Amino acid sequence: MELDSRLVRCFASVFPDLTTEQIKQASGKTVPTWDSLAAVTLIAVVEQEFGIDVNPLDLGDLNSYSAMKDYLRHRLNGRMSERSNP
Amino acid sequence: MKLLTALDVLKQRLPEGGPVREVFLACGFTPIHLQTFLAAHLQLYFPTERIEITTGVYGDLVGNLERLQPAATRLSALCVVIEWSDLDPRLGIRNLGGWDVSDIPDVLESLHQHSQRLCQAIERFCGTVPISISMPTLPIPPLFISPLHQQHHHELQLREAVASMAASLSRNQGIRIVSSQRLDELSPALQRFDVKAEILSGFPYSLDHASTLAELLAATIRNAPPRKGLITDLDGTLWSGILGEAGVDGICWEMDGRAHIHGLYQQFLASLASAGVLIAVASRNDEALVEQALSRKDMLLKRDSLFPLEVHWGLKSESVRRILRTWNIGPDAVVFVDDSPMEVAEVHEAFPEMDCIVFPNNNYQAFWDLMRRLRNSFGKSTVSIEDSIRLQSIRTVAAIGQSLQDAEGRADEFLKNAEASIVFSLGRDVHDSRALELINKTNQFNLNGKRFSESDWIGYLNEPGAFLLTANYEDKYGPLGKVSVLIGRDNGSLLTVDGWAMSCRAFSRRIEYQILRYLFDVFRFEEIIFEYRKTDRNGPLQGFFARLLQRPPDSVVRISNRCFSQRAPSLYHRVEDTLRHGA
Chain A
1 MELDSRLVRC FASVFPDLTT EQIKQASGKT VPTWDSLAAV TLIAVVEQEF GIDVNPLDLG
61 DLNSYSAMKD YLRHRLNGRM SERSNP
Chain B
1001 MKLLTALDVL KQRLPEGGPV REVFLACGFT PIHLQTFLAA HLQLYFPTER IEITTGVYGD
1061 LVGNLERLQP AATRLSALCV VIEWSDLDPR LGIRNLGGWD VSDIPDVLES LHQHSQRLCQ
1121 AIERFCGTVP ISISMPTLPI PPLFISPLHQ QHHHELQLRE AVASMAASLS RNQGIRIVSS
1181 QRLDELSPAL QRFDVKAEIL SGFPYSLDHA STLAELLAAT IRNAPPRKGL ITDLDGTLWS
1241 GILGEAGVDG ICWEMDGRAH IHGLYQQFLA SLASAGVLIA VASRNDEALV EQALSRKDML
1301 LKRDSLFPLE VHWGLKSESV RRILRTWNIG PDAVVFVDDS PMEVAEVHEA FPEMDCIVFP
1361 NNNYQAFWDL MRRLRNSFGK STVSIEDSIR LQSIRTVAAI GQSLQDAEGR ADEFLKNAEA
1421 SIVFSLGRDV HDSRALELIN KTNQFNLNGK RFSESDWIGY LNEPGAFLLT ANYEDKYGPL
1481 GKVSVLIGRD NGSLLTVDGW AMSCRAFSRR IEYQILRYLF DVFRFEEIIF EYRKTDRNGP
1541 LQGFFARLLQ RPPDSVVRIS NRCFSQRAPS LYHRVEDTLR HGA
């Protein structure tokens, strides 16, 4: 839930004209303003907001809200399990 | 500032149609996040203006500047961000031009050529727009043969060339260089370069570094006016010890008395005073003892630098009120320093706009921070002639203020004997910062209360027919410096005055009449039009027009030469006219 709202906020800052519902459906194909500049800005906002460093090889796959959310869930869960390891 | 916050700031954009502040961001890299942060920081500084940032093309910093035509732009500011790769692409990591040992001398040669071309491209804009410059902030790639802990002479030569370029640029009026020392404090060197972003998108800065650099660039563009006066306590502040208990010889400010910070404080205040900052004393003390103490030969802050002295046992806030009246400046232009938290609180309550600071006795680090804070509050680019005579002029005004009042009804006699002279300067010197300051700070004798940004000012004076007239005043009591500024347009058939301000220090000397006489004499129009607007505070100007018109002034005031000649009082000034520049 928290991840969702934080990610929506990131998208809203880059795509201010989209509603929350539109953001959750957003992808490079459905949002006309999702160009290369917006993509770079979005990744930078997400990296800073969630304190992660996106691997350059993963960038091409992060082309929709749902892909970004799945990626973050995976990365953040991974971080939590890493932390729990002694 | 986080990128998310910056984007949020920019989301609240003002509607189109209002005032716009357009800034050209010239850089050789992809400006993306720096552009966002710069726009956001500027938006916070200028909340009522719509911020527009334009940029050039990737990889061509000099070309971006050369393609921009100074005369054709209506920019509010030009922002130039230089990185090593702009001086030679081999000093970046996106080009593979070669780092062989044999390449390095050529890199140095190329850097010299690029820096010269860059200086020329930047200096074309001097006098047309304020310019903020950031010199290279990123680490030089590891292309030198020496280990990291050792500087190679080639690296030192590179740094020397860039430092020399910065020094040369900073000598131009209107160019401000971002402080590398301040940037070092705020943005750690190792955390500035984002290698991934540089390689993938051509943006070399980490987000934190981009935000910090943008903040400093925005601050140089904003160019906030410095504060003007400092009111200091004595016991426990200007010196260590209580004068009334320890006596004149018992107070100290030397290292051996563990009072060194008081010596440093005196030295610092002397430095401020030499740069035109007014320094006054507010102290609960015995006046005669204070005079003796301030006359000690080893005082680092000389007695002459202090005016006025408010030394008595009354409230500090009352002392401050009288000092402000003598200086004739507002509390927001003043800093108050006292070692007593209670006194500081009392003054702050009376003057919430004043920066009131507790002197940090026995805390050396806090004292260091205090000096830096004060330098920031009073910081300026240059010391003007007005700065150097401000204190003397205020002393003079205070001394003859009573004489002028006493001379009521005998004004002609008084002014006749004042041996007054006015030096007029007619031209369009866009770098006359005192003129801009007078227009923007003066309320009482101000034609319409209109304020100008630096770029508006430059833009106005660059219009065809525009002129700037300033008046410097001096009489036998001392110089008052540049006391009046007037801007207008001569279109060949009409003379229109769009702005006019006169320092209230110069009232009652008929300088305003002499200025009108000068306009009639020089421009030879039968009538002058004034773009007058009544404000809450320009009563003295309203009175001046009412005396000439013999009725309250309308929104646009027209004064004919005939009317002026009939109604102006006798004028006794000796008038000089300096060279006219292009008016």
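Those protein sequence lines, which keep their order, are chains A and B. For the first sequence, our numbering begins at 1 and goes up steadily by one. For the second sequence, our numbering begins at 1001 and goes up steadily by one. Glycine is no exception: its CB is placed at the ideal position from the N, C-alpha and C atoms. Predicted, not measured: the structure shown is a model, and the values here were computed from it.
Original post:
If the cut is a Cβ gap below 7 angstroms, which residues of chain A does Ile1528(B) touch?
Top reply: Here the premise fails: no neighbours, minimum Cβ distance about 51 angstroms.
Original post:
Whose CA, out of Leu1300(B), Gly1247(B) and Lys1228(B), lies closest to the CA of Leu1238(B)?
Top reply: Here the closest residue by C-alpha is Leu1300(B).
**OP:** Just confirm the distance between the C-beta atoms of Phe1268(B) and Met1371(B), as a whole number of angstroms; I'd bet it's less than 8 angstroms.
**Re:** 5 angstroms
**OP:** Please report the Cβ distance between Val1281(B) and Leu1315(B), rounded to the nearest whole angstrom; I am assuming they are in contact, meaning their Cβ atoms lie under 8 angstroms.
**Re:** At roughly 15 angstroms, the Cβ-Cβ gap does not stay under 8 angstroms, so Val1281(B) and Leu1315(B) are not in contact.
Subject >> alpha helix (DSSP H) runs contained entirely in the stretch 1384-1469 of chain B, provided each spans 4 or more residues >> reply: 1385-1406, 1411-1416, 1433-1441 and 1454-1461
Original post:
So, helix, strand or coil for Glu2(A), using DSSP?
Top reply: helix
Original post:
So which of Lys1196(B), Leu1391(B), Pro1031(B) and Ala1039(B) has the shortest CA-CA distance to Thr1326(B)?
Top reply: Among Lys1196(B), Leu1391(B), Pro1031(B) and Ala1039(B), the Cα nearest to that of Thr1326(B) belongs to Leu1391(B).
**OP:** Leaving out five residues on either side along the sequence, give the residues of the same chain with a beta carbon under 6 angstroms from the beta carbon of Thr1212(B).
**Re:** Leu1186 and Ser1187
**OP:** For Gly1539(B), collect the residues of the same chain with a Cβ closer than 8 angstroms to its Cβ; drop the 5 residues on either side in sequence, then sort them by chain order.
**Re:** Gln1444
Original post:
How about Val1334(B) and Arg1227(B): do their beta carbons lie closer than 8 angstroms?
Top reply: By the CB criterion at 8 angstroms, Val1334(B) and Arg1227(B) fall inside the cutoff.
**OP:** Kindly list, in the order they appear in chain A, the residues whose Cβ is closer than 9 angstroms to that of Leu1042(B).
**Re:** Ordered by position in chain A, no residue passes the 9 angstroms Cβ test against Leu1042(B), which lies about 18 angstroms from the chain.
Subject >> Nonlocal neighbours in the same chain, by C-beta distance under 6 angstroms from Ala1006(B), ignoring five residues either side >> reply: Thr1036, Phe1037 and Ala1040
Original post:
Is any beta-carbon of chain A found at less than 8 angstroms from that of His1033(B)?
Top reply: It does: the Cβ of His1033(B) has a partner Cβ on chain A nearer than 8 angstroms.
Subject >> Beta carbon proximity, Leu5(A) to chain B, threshold 8 angstroms >> reply: In the sequence under discussion, the amino acid at residue 5(A) is Ser, which differs from the Leu named in the question. Proximity of Ser5(A) to chain B, defined by a Cβ-Cβ separation below 8 angstroms, is not satisfied.
Subject >> Interface partners of Leu1207(B) on chain A, CB under 7 angstroms >> reply: Ala44 and Gln48
Original post:
From Gly51(A) to Lys1002(B), what does the alpha carbon distance come to, in whole angstroms?
Top reply: Taking the straight line joining both Cα atoms gives about 12 angstroms.
**OP:** State the CB to CB distance for the pair Arg1428(B) and Leu1468(B), rounded to an integer number of angstroms; the pair is presumed to be in contact (CB under 8 angstroms).
**Re:** 5 angstroms
Original post:
Taking Cβ positions only, does His1581(B) come closer than 8 angstroms to chain A?
Top reply: Confidence is the limiting factor: at His1581(B) the pLDDT is only 47, short of 50, which leaves the residue's position unreliable, though a coordinate-based value still follows. Not one chain A Cβ lies under 8 angstroms of His1581(B).
Original post:
With 16 other CB atoms within 10 Å as the buried threshold, where does Lys1482(B) fall?
Top reply: buried
Original post:
Considering only the beta carbon of each residue, do Cys1027(B) and Ile1221(B) sit closer than 8 angstroms?
Top reply: no
Subject >> Straight-line Cα distance separating Val45(A) from Tyr1205(B) >> reply: The alpha-carbon of Tyr1205(B) is positioned some 14 angstroms away from that of Val45(A).
Original post:
Leaving out five residues before and five after Cys10(A) in sequence, what residues of the same chain have Cβ atoms less than 8 angstroms from its Cβ?
Top reply: Leu42, Val45, Val46 and Glu49
Subject >> Per DSSP, the bridge partner or partners of Pro1479(B) >> reply: Glu1474(B)
**OP:** Tell me whether the beta-carbon of Ile1519(B) lies closer than 8 angstroms to the beta-carbon of Leu1495(B).
**Re:** Per the sequence shown, residue 1519(B) should be read as Leu rather than Ile. Against a cut-off of 8 angstroms, the Cβ pair of Leu1495(B) and Leu1519(B) comes out as a contact.
Subject >> Straight-line Cα distance separating Tyr1477(B) from Leu1264(B) >> reply: 34 angstroms
Subject >> Nonlocal neighbours in the same chain, by C-beta distance under 6 angstroms from Asn1491(B), ignoring five residues either side >> reply: Gly1465
Subject >> is_contact[Thr41(A), chain B] using C-beta, thresh 8 angstroms >> reply: yes
**OP:** Closer than 8 angstroms by beta-carbon distance: list the chain B residues that pair up with Arg9(A), in chain order.
**Re:** Under the 8 angstroms cutoff, chain B gives Leu1004.
Original post:
How would you call Asn85(A), buried or exposed, if buried means at least 16 neighbouring beta carbons within 10 angstroms?
Top reply: Note that Asn85(A) has pLDDT 38, beneath the 50 cutoff, so the model's placement of it is unreliable and the number below is only indicative. Classification of Asn85(A): exposed, given that the 10 Å Cβ count is below 16.
**OP:** Measure from the C-beta of Ser1201(B) to each C-beta in chain A and report whether the shortest distance is under 8 angstroms.
**Re:** yes
Original post:
Cα-Cα, which of Glu1160(B), Pro1142(B) and Arg1176(B) is closest to Ile1133(B)?
Top reply: Arg1176(B)
Original post:
By Cβ distance below 6 angstroms, which residues in the same chain neighbour Glu1474(B) in space, the five residues on each side in sequence not counted?
Top reply: Beyond the five residues adjoining it in sequence on each side, Glu1474(B) comes within less than 6 angstroms, by CB distance, of Ser1421 in the same chain, given in chain order.
Original post:
Around the C-beta of Leu1190(B), are 16 or more other C-beta atoms found within 10 angstroms, so that it is buried, or is it exposed?
Top reply: exposed
Subject >> Contact list for Val14(A) against chain B, beta-carbon separation under 8 angstroms >> reply: Near Val14(A) (Cβ distances below 8 angstroms), the residues of chain B are Leu1007.
Subject >> Reduced DSSP category for Ile1133(B) - H, G, I as helix; E, B as strand; rest coil >> reply: strand
Subject >> chain B contact residues for Leu37(A), given Cβ-Cβ distances below 7 angstroms >> reply: Neighbours of Leu37(A) on chain B, chain order: Ile1032.
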